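The numbers in this note's numbering rise by one with no breaks, and the one at position 285 of the sequence shown is 373. Where is the CB? At the ideal position from N, CA and C, for every residue including glycine. Please read all numbers here as calculations on a predicted model, not as lab measurements.
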Amino acid sequence: MPGTPVEVRGVDAAAAVKTIATGSSVENGELAAGTVVANNANPLRAGIVGTGFAAQRRAEAIAADSRSQLVAVAGRSQESGRAFAAALPAQPTVAVLEPLALVQSADVDLVCVCSANSAHAEVVRSALDAGKHVVVEYPLALDPGAARESIALARARGVLLHVEHIELLGGLHQAIRTHLQAIAPTFYARYTTIQPQSPAPRRWTYRRDTFGFPLSGALARVRRLTDLFGRVVTVSCHSRDWDAGDGFFRANLCVARLQFASGTIAEVVYGRGEIFTRGTRAFELQGERGTLMFEGDRGTLQQGDTLSPIEIGSRRGLFARDTTAVLDYLLDGTPLYTDARDSCYALEVADVARRAAESGTTITLAT
């Protein structure tokens, strides 16, 4: 199975390979259902690189679907891998391997990359080179060039490369998409996420070299906006870290301004750490026909003096939905909800924000 392109009926071979590599739909054709064979007796065999929160949720989702089976895990050390495997729900024996051994194992069909952001590019590239299908938590890489190389490699190997963006499946994003036309055209958006953490943890998420630039490591903030408003024309940004010594920071704050080709201006505010005393999760969208306001789990549509509440769906179960989408795609040919190339574009925008913050200038993107 690994390295074998999924058959596509009614389209040419080049289009088929492009579709498998990126998760995009095929014009004038559909993926043939059941082209990757898996059932209760012969489930799709998955391996997970990483042992953190995302890895735990991914393992639960794989175990909950009879079409897949977790067969191997890899942590930063054998000890962390064994501890992770021991805590898994009752299931057949899970091998504890080194990351390179896992991605090269003949017993693994699908590699799920849930490690530190800085390790994504190398693990993904190794897995694709070994002919494995790959699911990776965003970002695909910290360097956009490495992300583009992985997408090209997946296309060349004829395997799936799926970058998880569960924020697009969540209740907030779906509510925005449902009601955005009611205020169109949108001319301004402000997306604020502030997360107090005191004391700041001494983990990879609080190191610039392993987490990445704030908007790259927390790529969902940019990806959500590009999904709603399309191509970006100019970017300006300011970013500050509060140093904690030994390569760690105790807090950071990043504020970016994006001008879209559609005319929308969007501001992104992302902060976390021990200097913040009040958490905020808010999204405001101003349009010529009204305003959408979301704060926490509450949403409101305002048109003139009329305020209408908006129901926001739960954020629970999103990793399971993402995993189901991957299995549906590989086994039945059901189109995925996101495309690796769109994630790569958001990463390019985030990296431009990094350059803008470092230079103190507004940068115009090539169109």
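Which of the three DSSP states is assigned to residue i in this structure?
i, result
"N205", "helix"
"D329", "strand"
"F172", "helix"
"G302", "Note that residue 302 is Pro in the sequence shown here, rather than Gly. Here P302 sits in helix by DSSP."
"E186", "coil"
"L158", "strand"
"E228", "At residue 228 the sequence reads Leu, which differs from the Glu that was named. Coil."
"R404", "coil"
"R312", "helix"
"G163", "coil"
"L256", "helix"
"S214", "helix"
"R296", "helix"
"Q262", "helix"
"R245", "helix"
"G135", "strand"
"A152", "helix"
"L424", "coil"
"L453", "coil"
"R290", "coil"
"S193", "coil"
"Q285", "coil"
"A413", "helix"
"R319", "coil"
"L307", "coil"
"A445", "helix"
"A240", "helix"
"A438", "helix"
"A272", "coil"
"G233", "helix"
Classify residue i as buried or exposed, calling it buried when 16 or more other Cβ atoms lie within 10 Å of its own Cβ.
i, result
"A340", "At residue 340 the sequence reads Asn, which differs from the Ala that was named. It counts as buried."
"V196", "buried"
"G318", "exposed"
"R145", "buried"
"R366", "exposed"
"T455", "exposed"
"E225", "buried"
"F371", "buried"
"L395", "exposed"
"P131", "buried"
"P397", "exposed"
"T274", "buried"
"P232", "buried"
"H221", "buried"
"T452", "exposed"
"A171", "exposed"
"P227", "buried"
"T139", "buried"
"F141", "exposed"
"T411", "buried"
"R245", "buried"
"R384", "Inspection of the sequence shows that residue 384 is occupied by Gly rather than by Arg. By the neighbour-count rule (16 or more Cβ atoms within 10 Å), G384 is not buried but exposed."
"R290", "exposed"
"S431", "buried"
"E446", "exposed"
"D393", "exposed"
"G387", "buried"
Below 8 Å on the Cβ atoms is my guess for residue i versus residue j; work out the distance and round it to an integer in Å.
i, j, result
"V361", "R328", "For the record, residue 361 in the displayed sequence is Gly; it is not Val. Actually they are not in contact, since the Cβ atoms of G361 and R328 sit about 11 Å apart, beyond 8 Å."
"T368", "T293", "T368 to T293, Cβ: 19 Å. No contact."
"A134", "S156", "6 Å"
"V182", "L158", "6 Å"
"V493", "V310", "Not covered by the structure: residue 493. The range shown for the chain is 89 to 455."
"V437", "V343", "Not confirmed; about 15 Å, so no contact."
"T352", "Y433", "The Cβ separation is near 16 Å, so there is no contact."
"A235", "L435", "6 Å"
"A218", "V191", "5 Å"
"A34", "A149", "With the chain covering 89 to 455 only, the question about residue 34 has no answer from this structure."
"A288", "A332", "6 Å"
"P284", "F364", "4 Å"
"A160", "L185", "5 Å"
"C325", "A229", "Incorrect: roughly 20 Å between the Cβ atoms, too far for contact."
"A354", "A277", "4 Å"
Exercise for the section: Any chance you could list the beta strand (DSSP E) runs of at least 3 consecutive residues sitting entirely within the stretch 350-402, in chain order? Expected result: 353-361, 368-375, 378-383, 386-391 and 394-398
Problem - Segment contact flag, the stretch 264-274 with the stretch 369-382, C-beta cutoff 8 Å, min 3 pairs - result: yes
Handout entry: Sufficient close CB pairs (3 or more, under 8 Å) joining the stretch 165-175 to the stretch 206-214
Key = no
Problem - Segment contact, 8 Å Cβ cut-off, at least three pairs: the stretch 409-421 with the stretch 296-314 - result: no
Exercise for the section: Evaluate contact between the stretch 247-263 and the stretch 422-430, counting only Cβ atoms and requiring at least three cross-stretch pairs below 8 Å. Expected result: With the cut-off at 8 Å, the stretch 247-263 and the stretch 422-430 touch.
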